[in-house]
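What follows is one structure encoded as structure tokens, with my remarks underneath.
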Amino acid sequence: MKIGLIGYGKMGKEIEQQTSFSGHEITAIYSLERLFLSDKSPDCDVLIEFSIPSAVESHVEHAIAVGKPLVIGTTGWYDTLPIIKKKIGESIGCVYSGNFSPGIHITKKLIAELSKNLSTIGGYDISLMEKHHRHKLDSPSGTAHLLSSSIIENFPSKKHITSNPEEATKDIHALHVSSMRCGDIIGEHTVIADSIIDSITISHSAKNRTGFAQGAILAAEWIMNKKGLHEFSEVFQ
0 MKIGLIGYGK MGKEIEQQTS FSGHEITAIY SLERLFLSDK SPDCDVLIEF SIPSAVESHV
60 EHAIAVGKPL VIGTTGWYDT LPIIKKKIGE SIGCVYSGNF SPGIHITKKL IAELSKNLST
120 IGGYDISLME KHHRHKLDSP SGTAHLLSSS IIENFPSKKH ITSNPEEATK DIHALHVSSM
180 RCGDIIGEHT VIADSIIDSI TISHSAKNRT GFAQGAILAA EWIMNKKGLH EFSEVFQ
């Protein structure tokens with residue numbers, strides 16, 4: 000499989016390294032120095048995009064124009080999700096996720112099960128904390144949104160997320176998601192469920208970017224013969 004990279008930062012370089020272990024090859028690289036434009040079709044079978052939130056929509060448009068399936072690893076663009084879904088339609092295949100680590104998606108399932116059981120028992124409050132490196136642009140992280148959805152879908156008293164501690168104290172339906180940006184932390188996400196009896200914690204810490212890169216390549220393999228917009232969780236169904 001020939002892969003084109005859109006974005007050549009830390010994740011782009013990690014994907015390039017992991018590709019050499021998977022039997023695939025990088026045949027095109029686009030960055031700030033070499034923009035991805037739709038006037039020339041890239042020599043690749045699929046595109047993997049890790050760039051910046053403001054560029055996602057144009058990259059989707061260009062991928063549609065050249066007829067290449069796309070994997071979107073950028074986070075922080077989800078307010079435009081309905082627009083992008085409509086643009087893609089059935090024109091190309093596209094996979095997106097707040098986190099391409101298979102371990103995170105296992106964690107997501109554990110959080111869903113925990114939330115479901117605790118809502119049945121009652122007496123628990125639940126919140127989420129995430130930590131990332133100081134250069135990360137979006138807050139809460141895409142992964143925090145991903146994990147929060149598992150809580151909200153299975154813990155009926157939580158209806159929406161908030162990053163405002165004051166709102167969290169006043170609104171019992173608000174799921175408090177706190178964020179920290181410091182140093183070179185790759186990614187840590189912790190869900191805490193607390194009651195007067197005990198406290199339960201589920202935590203995931205990324206040691207490096209290898210899992211994200213391997214997951215993105217897995218998504219690229221999966222989307223090759225599909226159409227429409229898909230979430231990475233569908234790969235595991």
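Oh and the sequence shown: position 197 is 196 in numbering that gives the first Met the number 0, straight run, nothing missing. Don't be surprised by glycine CBs; every beta carbon is placed ideally from N, CA and C.
request  = Could you check the C-alpha separation between Val55 and Thr73 for me, to the nearest Å?
outcome  = As a first step, residue 55 must be located in the sequence shown, where it is residue number 56. As a first step, residue 73 must be located in the sequence shown, where it is residue number 74. Their Cα atoms are separated by approximately 7 Å.
key: Rounded C-alpha distance that separates Ser100 from Arg33   = Looking up residue 100 in the sequence shown gives position 101. Looking up residue 33 in the sequence shown gives position 34. Rounded to the nearest angstrom, the two C-alpha atoms are 28 Å apart.
query = Going by the beta-carbon positions, is the gap between Ser83 and Ile63 smaller than 7 Å?
reply = The sequence position of residue 83 within the sequence shown is 84, counting from 1. The sequence position of residue 63 within the sequence shown is 64, counting from 1. Note that residue 83 corresponds to Ile in the displayed sequence, not to Ser. Result no, Cβ atoms of Ile83 and Ile63 do not sit closer than 7 Å.
request  = Identify every residue that forms a DSSP beta bridge with Met179.
outcome  = Here the question's residue 179 lines up with position 180 in the sequence shown. The partner list for Met179 (beta bridge, DSSP) reads Lys130.
task = Using three-state DSSP, classify Thr79 as helix, strand or coil.
result = Residue numbering aside, residue 79 sits at position 80 when the sequence shown is read from its first letter. Helix.
key: Opening and closing residue of the beta strand (DSSP E) in which Lys67 lies   = On the sequence shown, position 68 is the one that residue 67 refers to. Taken as a continuous stretch (DSSP letters only), Lys67 belongs to no beta strand (DSSP E), as it is neither H nor E.
inquiry  = Are there any heavy atoms of the ligand PLP lying less than 6 Å away from the beta-carbon of His132, as far as the coordinates show?
reply    = Inclusion of the ligand PLP in the displayed structure is not the case, the ligand content being empty and no account of it being possible.
C-alpha distance - Val59 paired with Ile87, whole-angstrom precision = Reading the sequence shown from its first residue, position 60 is the one you call residue 59. Reading the sequence shown from its first residue, position 88 is the one you call residue 87. Answer to the nearest angstrom: the Cα atoms are 8 Å apart.
request  = Using the Cα positions of Glu230 and Ser96, report the straight-line distance between them to the nearest angstrom.
outcome  = Residue mapping note: residue 230 aligns to position 231 of the sequence shown, counting from 1. Residue mapping note: residue 96 aligns to position 97 of the sequence shown, counting from 1. Cα-Cα distance, rounded: 6 Å.
key: Cut-off 6 Å between Cβ atoms - residues of its own chain near Asn116, not counting five sequence neighbours on either side   = Taking the sequence shown and counting its residues from 1, one reaches residue 116 at position 117. Here the set comprises nothing.
query = Who are Ile25's beta bridge partners in DSSP?
reply = Mapped onto the sequence shown, residue 25 falls at position 26. Under DSSP, Ile25 forms a beta bridge with Ile2.
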